[in-house]
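When you line the sequence shown up against mature numbering (1 follows the signal peptide of the UniProt record, and there is no 0), it's residues -32 to -1, 1 to 426, in that order.
For each residue, glycine too, the CB sits at the ideal point set by N, CA and C.
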Amino acid sequence: MKMKFLPLALTAFLTVGTVISPITPAARTAQAADTVKKEHNIAHSFKSERAYATVSQLSEKIGPRVAGTAAEKKSALLLAAAFKKQKLDVSVQTFGIPDRLEGALTANGHDIPLRAASGSVPTPNEGLTAPLFDAGLGYPEDFTADSEGKIALISRGELTFYEKAKNAAAAGAKAVIIYNNADSTVPFTPNLSGHTVDIPVVGIKKEDGTALLTQKEATLQLKAFTNQTSQNIIGVRKPKHVKNPGIVYVTAHYDSVPSSPGANDNASGTSVMLEMARILKKIPSDKEIRFIAFGAEELGLLGSNEYVNRLSEQEAGRSIVNFNLDMVGTSWESATELYVNTVDGASNLVWQSSKAAAGKLGFNHLSLKKGGSSDHVPFHGAGIDSANFIWGDPETGAVEPWYHTPNDSIKHVSKERLQQAGEIVTASLYHVIKKETKHSETKKKKQVEAKDKFEDFK
Ligand SMILES: [Zn+2]
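Pasting the structure below:
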C-alpha cells in the first residue's frame, strides 16, 4: 500500500518511545516522565459515569435497536447529535438491508426467543395460534393424522431442515418449530438450503424445545420486513494544515438483536467511543480521526462492510488503524480479561499501542486473541490494522451468559469495566494520534516547545 510507511513509522515510534530528542539525558528523562504523566491524565479524564449515562439512554430509554427499525433510527439521531456536540463533522451513510422475517413465539405467557429459518414464509399478520404436536425428528412416520392443523415441534438432527419442514407441510402442519439438539445461549437459524415450503419455519434453543414439549399450544408471529434501510453515523475531526493526513478509526455498532436491550452489546462500545470523542477533541493531532457508529452489525457486519467498501482508494491508502469496541462493559464476574481480538490473531498497531498503554497504566489483564465477529473485520480485509476490544473469561475467552438475550440490560453493565476499557483504549489511541514531530534538525527545538504548549491537558 501506498502509505504503508505510516504504520511502520508509528510502530518504530511506539517501540522506542518518544522520538523528540532533547539535548541532555536529564532533559530526556524529565520529558519521558512528563509524557507518562500526560498519558495518565488523558486516560483518567475518561469518565465512566458519562458513558454509563449513554448506555442508559440507548438500552433503557430506547431499548432494542434492531437494524431497519424506528428505534435504530432514533439511536442514530441521538448519536449524530452527540457527535456534533463534540465538534465533529457529522455525516450519515444510509444503506439498504436484506429483506427478512422477525417475530415472536409465546406459550403459556412466556416469550421464547426464535430465529426465522432462511427460506421461511411469514405467518398471517395477526399471528397463528395452534396446538403443538411432538413430531420427533420429523420423519414422515413421525406424523399422524393428528398432526393436521397443528404446530409441529421437531428436534434438530439426522434430516435436513428442509426435509423436516417438507414432511411437516405434507402432513398438514400449520408451522414448524425446530429445537436445537445441543445447548446454546441463543436460538439457531435453520437454513432451508434454497428450498421453500409454504408454512413458517423457525429455530429455537434446546431448553426451550424441551419446555415446549410439555405445553399444549403456542402462538407464532413472523412478520416480513422489506425494503428497509440502516445507517452509519460518522463524526470526523481533521487536522489543520496537514495535507492527506493518516486516518485513524474509532468504531462501535449501536444496533442490537431483537428483544435484547443490547446494553453490553453494544451500547457499551458506542458509549465508550462517545466519551473518547469528548476527551480527544482537546488533543492536538496530525491525524484525521473518524468516529463511526455502525448500523446493522448484527445482520452480518453490514454497516462496516458498506463503509469500508465505499472508501476511495486514496482514503484506504491513508488509513492507518481501526480501534473497534464491542462489548466492553459487562459485569459478568468471570470476564476479567480485556481481549484485543485481531482477525488473524497476529500483533498489529492496535495491539502494540494498547499493550504499551496498559503497561503504563499498570493494567495486567490485556491479551491478544484471534477473533472476528465484529466491525473490525472489513477493515482488516482492506489491509488496515484493526482489532476489537471485548471482555471475556481469561481461561476460555467466553463472553457473558446473557449475550443476545433480553437479560443484556443495564443491570449487567459495570461502570468499573467501562472505565478500565475506556482508559486503555483512550491511552492507546492517544499513542497513535498524538502529534509527531518531523525529523528535521532545524525545526526540532521549536517543535518540542510547541508540542509542550499544545499538549498541556486539562
Ligand atoms: Zn456486538
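- Secondary structure of Tyr217 (DSSP, three-state): strand.
- Going by beta carbons, Ser227 and Val23 fall outside the 8 angstroms limit.
- Secondary structure remark: continuous alpha helix (DSSP H) runs of at least 4 residues inside the segment 6 to 47, in chain order: 16 to 24.
- Look at the beta carbons and you see the segment 351 to 362 touching the segment 298 to 310: at least three pairs across the two are nearer than 8 angstroms.
- Using a Cβ-Cβ distance cut-off of 8 angstroms, the segment 28 to 46 and the segment 191 to 201 are in contact, since at least three pairs of beta carbons, one from each stretch, lie closer than that value.
- Distances from the CB of Asn149 to the heavy atoms of ligand 1 are all 7 angstroms or more.
- Annotation for His344 indicates a beta carbon at 7 angstroms or more from all heavy atoms of ligand 1.
- Beta-carbon to beta-carbon, Ala35 and Ala264 are separated by about 4 angstroms, close enough to satisfy the 8 angstroms threshold.
- When beta bridges are read from the DSSP output, Tyr147 appears opposite Ser123, Ile172.
- With fewer than 16 other Cβ atoms from the protein chains shown falling within 10 Å of its own Cβ, Gly327 counts as exposed.
- Each residue's CA atom was taken as its position, placing Phe63 and Thr37 some 13 angstroms apart.
- With 16 or more other Cβ atoms inside 10 Å of its own Cβ, Asp223 counts as buried.
- For Met241, the Cβ stays outside the 7 angstroms cut-off from all heavy atoms of ligand 1.
- Here the segment 206 to 217 makes no contact with the segment 93 to 111; the two share fewer than three CB pairs at distances below 8 angstroms.
- Contact annotation, Gln196 with Ile30: C-beta distance approximately 17 angstroms; criterion of less than 8 angstroms not satisfied.
- When C-alpha distances from Asn76 are compared across Asp376, Leu317, Val318, Ala179, the shortest belongs to Ala179.
- Gly230 is classed as buried because its beta carbon has at least 16 other beta carbons within 10 Å across all chains shown.
- The three-state secondary structure of Lys403, taken from DSSP, is coil.
- Annotated as distal: Leu105 and Leu121, with beta-carbon spacing of 8 angstroms or more.
- The Cβ neighbour count for Val210, taken over all protein chains shown within 10 Å, is under 16; the residue is labelled exposed.
- At the C-beta level, Ala245 and Leu26 stay beyond 8 angstroms of one another.
- For His372, the three-state secondary structure derived from DSSP is coil.
- Each of Asn273, Val311, Met295, His348 was checked against the Cα of Ala366, and the nearest Cα belongs to Met295.
- With the rule of 3 Cβ pairs closer than 8 angstroms, the segment 282 to 294 counts as touching the segment 315 to 332.
- Of the candidates Gly313, Ser342, Ala85, Gly313 places its Cα closest to the Cα of Ser335.
- Shown here, Tyr307 sits in a strand according to DSSP, grouped into three states.
- Residues lining ligand 1 by the Cβ criterion, that is a Cβ closer than 5 angstroms to any of its heavy atoms, are Asp233, Asn234, Asp294 in chain order.
- The three-state reading of DSSP puts Ile251 in coil, since its state is none of H, G, I, E or B.
- By alpha-carbon distance to Phe51, the top candidate from Thr238, Gln189, Asp114 is Thr238.
- Under the three-state reduction of DSSP, Thr394 is assigned to helix.
- Of the other Cβ atoms in all chains shown, fewer than 16 fall within 10 Å of the Cβ of Ser59; this residue is therefore exposed.
- With 16 or more other CB atoms across the displayed protein chains lying within 10 angstroms of its CB, Leu386 is buried.
- Beta-bridge annotation (DSSP): Leu69 is paired with Ala192.
- Nearest to Gln183 by C-alpha distance, out of Ser342, Thr74, Gln54, is Thr74.
- For the alpha helix (DSSP H) assignment, the uninterrupted runs of no fewer than 4 residues enclosed by the segment 316 to 393 are, from N- to C-terminal side, 317 to 329, 344 to 349.
- DSSP, reduced to helix, strand and coil, places Asp102 within a strand of the structure shown.
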